[in-house]
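Numbers in this note's numbering are just positions in the sequence shown, counted from 1, shifted up by 25. Right, one structure below, let's go through it.
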Amino acid sequence: MSGRRSIEVEGLHHGGVPIPMASRVGPLLVSSSILGQDPDTGELPDDVAAQVALVFANVRRVLEAGGARTDHVAKLTFHVRDRSARAAIDEHWLAMFPDPADRPARHTVPGDLPPAFHVQCEVIAYVTEEIP
């Protein structure tokens with residue numbers, strides 16, 4: 026056994042391709058792309074702010090499924106269609122990480138995302154607790 030565990034989250038997926046939402050190897054949790062899809066309907070809202078809100082909610086779901094919390098997050102990388110999405114990201118970022126002395130690293134990268142996507146996120150976390 027490799028000690029690696031695929032992390033799946035009900036309602037989140039990559040369109041049927043065989044890619045887990047995250048992978049946990051020992052204390053390291055690394056996600057695949059986390060989208061702003063509604064986990065109940067699978068739909069992506071048209072609105073940037075709504076997608077960003079769902080991305081942050083889905084980050085929490087992925088962390089929880091991997092046995093992590095937001096205080097385990099070392100870095101978040103956001104891929105955005107347009108840099109204007111940063112305002113919505115900042116709002117949720119500050120809510121999730123209110124202490125300026127205790128925030129993870131963050132990178133926002135503009136890029137060519139599929140048409141329905143305004144934002145996607147990748148997370149890296151270091152978890153000292155055992156896998157649930």
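We treat Cβ as the ideally placed atom computed from N, Cα and C, and that holds for glycine. Predicted, not measured: the structure shown is a model, and the values here were computed from it.
{"Check": "Residue from P45, G28 and V84 with nearest C-alpha to Q145", "Outcome": "V84"}
{"Check": "Three-state secondary structure (DSSP) of E89", "Outcome": "helix"}
{"Check": "Range covered by the beta strand (DSSP E) that runs through A130", "Outcome": "A130 to P135"}
{"Check": "Contact set for T153: own chain, Cβ-Cβ below 7 Å, skip 5 residues either direction", "Outcome": "P52"}
{"Check": "For Q62 and L37, believed in contact at Cβ under 8 Å, the rounded distance", "Outcome": "7 Å"}
{"Check": "Status (buried if at least 16 other CB within 10 Å, exposed otherwise) for I32", "Outcome": "buried"}
{"Check": "Per-residue burial, P139 [other beta carbons within 10 Å of its own, 16 or more giving buried]", "Outcome": "exposed"}
{"Check": "Option in H104, E89 and G67 with minimal Cα separation from V98", "Outcome": "E89"}
{"Check": "C-beta contact flag for A239 and F81 at 9 Å", "Outcome": "Residue 239 lies beyond the range of the chain shown here (26 to 157); nothing can be said about it."}
{"Check": "Secondary structure of R30, DSSP reduced to three states", "Outcome": "strand"}
{"Check": "Own chain residues within Cβ distance below 6 Å of H104, not counting five before or after", "Outcome": "V134, G136 and Q145"}
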